[in-house]
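Protein chains in written order, with UniProt numbering: chain A, 1 to 427; chain B, 1 to 427.
Protein chains: 2
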Amino acid sequence: MVARAGIVVTGTEVLTGRVTDRNGPWLAEQLRVGGVDVGTVLVVGDRPEDLRAALGFLGSLGMDLVITTGGLGPTADDLTAEVVGDVQGRPSAVDPELERQIGAIVERLMTRRGWRADPEATAAGTRKQAMVPAGATVLPPVGTAPGLVVPPVDGRDGPVVVVLPGPPPELQGMWPAALADPAVRAALAGRSELRQETVRLWGTLESQLAATLRDHDAELTGLEITTCLRDGELEIVTRYGPDGQPAYDRLVGVLREEHGEQLFSTGPTVDDLVAGALAERGLTVATGESCTSGLLVARLTERAGSSAWVLGGIASYANSAKEALVGVPAGMLAEHGAVSTQVAAALAEGARARFGADVGVGITGVAGPGGGSPSKPVGTVHLCAVGPEGRQARSVVLPGSRSAVRQRSVTLAMQMLRQLLLGGPPA
Amino acid sequence: MVARAGIVVTGTEVLTGRVTDRNGPWLAEQLRVGGVDVGTVLVVGDRPEDLRAALGFLGSLGMDLVITTGGLGPTADDLTAEVVGDVQGRPSAVDPELERQIGAIVERLMTRRGWRADPEATAAGTRKQAMVPAGATVLPPVGTAPGLVVPPVDGRDGPVVVVLPGPPPELQGMWPAALADPAVRAALAGRSELRQETVRLWGTLESQLAATLRDHDAELTGLEITTCLRDGELEIVTRYGPDGQPAYDRLVGVLREEHGEQLFSTGPTVDDLVAGALAERGLTVATGESCTSGLLVARLTERAGSSAWVLGGIASYANSAKEALVGVPAGMLAEHGAVSTQVAAALAEGARARFGADVGVGITGVAGPGGGSPSKPVGTVHLCAVGPEGRQARSVVLPGSRSAVRQRSVTLAMQMLRQLLLGGPPA
């Protein structure tokens with residue numbers, strides 16, 4: 001028996017996309033690892049009736065646990081604690097000790113930034129943030145907002161509701177305390193492990209994979225398989241209980257037999273593979289980027305410790321910068337244009353030489369929406385990766401928006417680095 | 001009377017955060033501009049019962065329109081069309097003309113990429129994607145998947161359901177056809193305009209703003225105000241009907257009176273302001289980045305046409321690159337360390353000189369999680385922006401993860417550029 005949880009993300013800023021929700025996915029993953037099944041995440045605006053309906057819906061699905069994020073701030077649109085208290089049959093009141101604690105935090109924050117705090121304003125906001133439903137457990141603030149664990153009032157059925165703040169660092173910092181709460185532990189008791197594994201293909205479409213999965217359907221019972229094509233990479237994610245291991249091993253066997261030429265990973269991402277290969281072989285890398293303008297070197301340095309293998313990159317957006325800073329010959333730019341296989345190679349070699357790196361990557365293209373021509377339409381991108389043992393070059397016309405073209409170019413460059421360093425499916 | 005819509009985003013990959021949903025926010029914004037209120041977005045995994053429950057929930061809220069995204073592909077986990085047909089009382093069958101159309105598209109895609117297509121596999125996937133609920137309208141494919149408009153079967157109450165594909169370019173390409181459908185138009189008839197405006201502050205916390213809003217509560221009736229602190233910027237978003245204009249004007253007046261020193265925009269983002277100032281004054285910019293390693297120059301070039309003012313940037317992750325490529329003196333690095341106000345200034349000046357730009361920005365810091373020391377803890381970041389009329393310098397200790405420190409450093413740099421070019425609240 002798997003325990004079940006639902007998540008309610010609150011905030012008009014999330015609903016309308018001004019802020020991308022990172023809490024729903026993070027919580028879903030934490031819960032999955034802990035053996036808790038999450039099938040539904042609701043995003044609602046800052047309106048009490050919408051939050052109330054969302055809580056009612058998850059209750060009607062028979063969830064063991066519901067987690068809310070956001071709506072714990074000092075402004076009037078922050079209403080989560082009160083609504084949750086209401087739904088669980090527990091009216092709220094100010095907790096004076098909590099009030100003092102929050103007041104001290106706000107004052108310290110404002111002072112540290114050198115901002116002026118109005119004591120009356122601070123007091124009113126603090127009072128609001130210190131409202132606690134009767135009988136709820138307070139989770140100590142990581143930022144300014146406390147969290148709450150609110151079980152249904154005695155005699156009432158329904159999920160335990162955990163109320164967490166919206167800023168991801170605060171939410172993540174508070175998570176261990178939430179999991180350790182006795183009411184939460186009781187709600188999740190008796191859960192069994194839920195495994196998740198990922199196989200990654202490069203070089204095929206979902207329809208081809210679908211046929212393989214259909215042909216072997218009978219051998220793959222008990223697996224929940226989902227596939228997703230992203231930036232040209234086909235991700236196959238499988239979830240299964242402890243009994244599903246033999247079926248999962250069979251799935252990996254089937255994929256190796258039928259899609260061996262496209263299978264590049266049974267776990268790690270392309271970023272993991274590239275970082276691992278550079279670190280293990282003691283190689284360094286540098287980039288010369290035009291249309292992606294720093295996105296590749298930013299991605300290569302997302303990882304902690306990447307300074308051991310990333311020397312840097314030059315975003316040479318202007319032609320003058322391609323010449324002066326990366327050493328692309330002026331004659332080459334004049335003859336072939338900035339968007340050409342020749343310039344991609346010169347950017348890769350120039351970056352390699354200027355930074356003194358073992359591996360160089362060059363990217364040049366037309367990200368759009370303007371700047372296209374009949375011979376070089378929007379989406380035309382030339383890439384080159386040069387390493388100690390050879391080189392990779394690709395020329396493509398990528399579909400989609402400016403942002404999509406830039407993003408897919410960076411992923412293609414990562415696949416080229418993967419093949420240059422490790423072999424496997426051609427990028 | 002405002003028409004109401006709900007959105008259901010399907011896909012285990014979205015639920016678990018492997019893919020960030022861009023469709024929910026995009027659709028919510030399109031609908032808002034069209035005067036349709038969206039209060040709830042549900043994200044569900046690829047399980048028929050979860051999708052069915054989500055559709056039932058939105059129906060129970062009395063929505064006029066429900067939009068689903070995703071689950072239209074050829075694999076077995078793509079089940080949206082069938083479940084929606086079921087819920088609306090319309091059993092599905094293969095549409096032979098649509099089947100031919102999709103088959104041709106898949107073949108063309110595989111050929112263009114030079115990938116091998118198995119004709120049998122293609123046929124099976126195509127048959128699945130060509131299943132249409134009886135009496136539904138087909139929206140022609142933009143990628144391989146068609147969309148659907150599925151009203152409830154005659155005699156049944158409930159929202160019209162519009163079924164759209166998951167890939168954002170396909171969904172966005174199909175949206176005009178969905179809006180033009182007669183059943184969709186009928187569902188949204190009689191809608192009234194819903195305005196949305198944004199005021200942006202830099203240099204205060206939500207608690208201070210909350211007090212202002214409380215003090216003036218009586219003058220601000222009819223406004224739906226939400227506030228959000230992001231990377232240090234406080235965003236105040238207000239939604240209101242046509243009658244709310246005087247109250248909104250009053251709100252802007254109140255904010256100017258009470259928070260004039262922090263208010264830097266009544267609309268445009270900091271990115272808009274910086275791009276506009278550079279373009280209007282004919283100035284160029286270049287960056288020298290260490291801990292943010294290309295993120296700032298990537299952000300500056302997100303905008304179409306930015307090649308007119310962005311010359312490029314050097315991500316000088318290694319000290320050797322700071323010396324050789326940006327001209328930071330070796331003695332300065334030895335004396336003050338790479339993370340110092342001196343090196344931030346040298347990066348800004350070096351980038352400016354090497355690219356021949358009017359404005360240079362330098363960033364150096366400890367993004368963490370390793371590399372901190374008692375005198376330079378993780379989160380220590382020094383920034384400098386140098387322009388024709390002067391300079392801005394800031395030194396901060398930012399909280400949060402490696403990614404948060406890098407992100408906030410970039411936003412702080414944008415605010416410094418804004419102040420350098422336009423004045424207003426200090427960054």
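Yeah, the Cβ is synthetic: ideal placement off N, Cα and C, and Gly gets one too.
From a predicted model like this one, the values you see are computed outputs, not experimental measurements.
query                                                                                                                              : result
Per-residue DSSP class, three states only, for Ser340/A                                                                            : coil
Per DSSP, the bridge partner or partners of Pro133/A                                                                               : Ser92/A
Partners in chain B for Pro74/A, counting only beta-carbon separations shorter than 8 Å                                            : Glu206, Ser207 and Ala210
Pairwise C-alpha distance: Asp231/A and Lys128/B                                                                                   : 24 Å
Members of the stretch 120-138 of chain B that neighbour chain A once the beta carbon cut-off is set at 7 Å                        : Glu120, Ala121, Thr122, Ala124 and Gly125
Segment contact, 8 Å Cβ cut-off, at least three pairs: the stretch 82-98 of chain A with the stretch 30-39 of chain A              : no
Nearest-angstrom Cα separation, counted from Asn319/A out to Pro119/B                                                              : 46 Å
Short CB-CB distance (under 8 Å) between residue 428/A and chain B                                                                 : Outside the displayed span of chain A (1 to 427) sits residue 428/A, for which this structure offers no information.
Nearest-angstrom Cα separation, counted from Ala348/A out to Gly288/A                                                              : 6 Å
Length of the line joining the Cα atoms of Thr10/B and Gly71/B                                                                     : 6 Å
Distance CB(Val359/A)-CB(Val381/A) smaller than 8 Å                                                                                : no
Cβ-based neighbour list, His216/A, same chain, cut-off 6 Å, excluding 5 preceding and 5 following                                  : Val254
Buried or exposed by the 16-neighbour rule on C-beta atoms within 10 Å, applied to Arg116/A                                        : exposed
Residues sharing a beta bridge with Asp37/B, DSSP                                                                                  : Arg4/B
3-residue-minimum beta strand (DSSP E) runs that sit fully inside the stretch 234-267 of chain B, ordered along the chain          : 263-265
Beta-bridge pairing of Gln392/B - partner residues as DSSP gives them                                                              : Ala385/B
Proximal residues, the stretch 175-186 of chain B versus chain A, C-beta separation under 7 Å                                      : none
Interface residues of the stretch 290-306 of chain B facing chain A [CB-CB below 9 Å]                                              : Ser290, Cys291, Thr292, Ser293, Gly294, Leu295, Leu296, Val297, Ala298, Arg299, Leu300, Thr301, Glu302, Arg303, Ala304, Gly305 and Ser306
Limits of the alpha helix (DSSP H) - the one that Val87/A falls within                                                             : Thr80 to Val87
Closest by C-alpha distance to Ser307/B, when choosing among Lys322/B, Gly282/B and Ala189/B                                       : Gly282/B
Residues that Arg230/B bridges to, as DSSP identifies them                                                                         : Glu233/B
Close-in-space but distant-in-sequence residues of the same chain around Gly424/B (CB under 6 Å, 5 per side omitted)               : Phe264
Contact list for Val43/A against chain B, beta-carbon separation under 8 Å                                                         : Gly24, Thr40, Val41, Leu42 and Val43
Under 7 Å from the C-beta of Phe57/B: neighbouring residues of chain A                                                             : Phe57
Inter-stretch contact at 8 Å, needing at least 3 Cβ pairs: the stretch 229-243 of chain A / the stretch 197-212 of chain A         : yes
Minimum Cβ-Cβ distance from Gly313/B to chain A less than 8 Å                                                                      : yes
Chain B residues whose Cβ lies nearer than 9 Å to that of Arg32/A                                                                  : Thr16
Proximal residues to Leu58/B (C-beta, below 6 Å), its chain only, five neighbours per side dropped                                 : Gly6 and Val66
Exposure label - Trp305/B; buried when at least 16 CB within 10 Å                                                                  : The residue asked about is misnamed: residue 305/B is Gly in this sequence, not Trp. Exposed, by the Cβ-count rule.
Proximity winner among Pro152/A, Val153/A and Gly241/A, relative to Gln196/A (alpha-carbon distances)                              : Gly241/A
Same chain, Cβ closer than 7 Å to Val94/A, five either side skipped, listed in chain order                                         : Arg127, Ala130 and Met131
Contacts around Asp77/A, its chain only, beta-carbon distance under 7 Å, and the 5 residues preceding and following it disregarded : Asp46
C-alpha gap between Arg18/B and Ala124/A, whole angstroms                                                                          : 40 Å
Top-ranked residue by Cα proximity to Ala286/B, from Ala351/B, Tyr317/B and Gln88/B                                                : Ala351/B
Counterpart residues of Gly362/B in DSSP-defined beta bridges                                                                      : Gly288/B and Cys384/B
Pair within 8 Å by beta-carbon distance, Leu295/A and Ala298/B                                                                     : yes
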